[in-house]
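Chemist: Residue numbers (our numbering): 39 to 176.
Okay, here's the thing in structure tokens:
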């Protein structure tokens, strides 16, 4: 339990305060500040829960859920492949549009592989646990 709290605190520091030291919140476009806070919440929550449930099969289920949720988060945040930001200065408005569809496709493919890895690790964990119980009992 204590380790889960420590991991959550360290993850919070690394995902919230370090980026804000590099880029102040005022530099982040207003339409992405809520997404930034939501991302931090997802990462901290899953880091703490996965540490709390380490050495159980729930750890692997949380791993699959984390990868799936973060993938859907990035797809939603990227607007399906197009990032847009508007910067307003004193007398000028700059609209910044980037097509990230190829990168998003790569991210989704890597996420599918990561989910498969967690699923296979869960199967391996259960099999090893059963083999250990069978060798002790038999």
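Ideal Cβ placement from N, Cα and C applies to all residues, glycine included.
Residue 80 and residue 104 - do their beta-carbons sit closer together than 9 Å?
Modeler: Residue mapping note: residue 104 aligns to position 66 of the chain shown, counting from 1. Residue mapping note: residue 80 aligns to position 42 of the chain shown, counting from 1. In contact: residue 104 and residue 80 (Cβ atoms closer than 9 Å).
Chemist: For residue 4 versus residue 69, is the C-beta distance shorter than 9 Å?
Modeler: The requested residue 4 is not part of the displayed model; the chain covers only 39 to 176.
Chemist: Report back the beta-carbon spacing between residue 43 and residue 85 to the nearest angstrom; my notes put them in contact at under 8 Å.
Modeler: Within the chain shown, residue 43 is the residue found at index 5, counting from 1. Within the chain shown, residue 85 is the residue found at index 47, counting from 1. With a Cβ gap of about 11 Å, residue 43 and residue 85 do not count as contacting.
Chemist: What number of angstroms, rounded off, separates the C-alpha of residue 170 from the C-alpha of residue 88?
Modeler: Here residue 170 corresponds to residue number 132 of the chain shown, with the count starting at 1. Here residue 88 corresponds to residue number 50 of the chain shown, with the count starting at 1. Roughly 23 Å separates the two Cα atoms.
Chemist: Please list the segments of the alpha helix (DSSP H) lying wholly inside the region 51-89, counting only runs of 4 or more residues, in order along the chain.
Modeler: Listed in chain order, they are 56-60.
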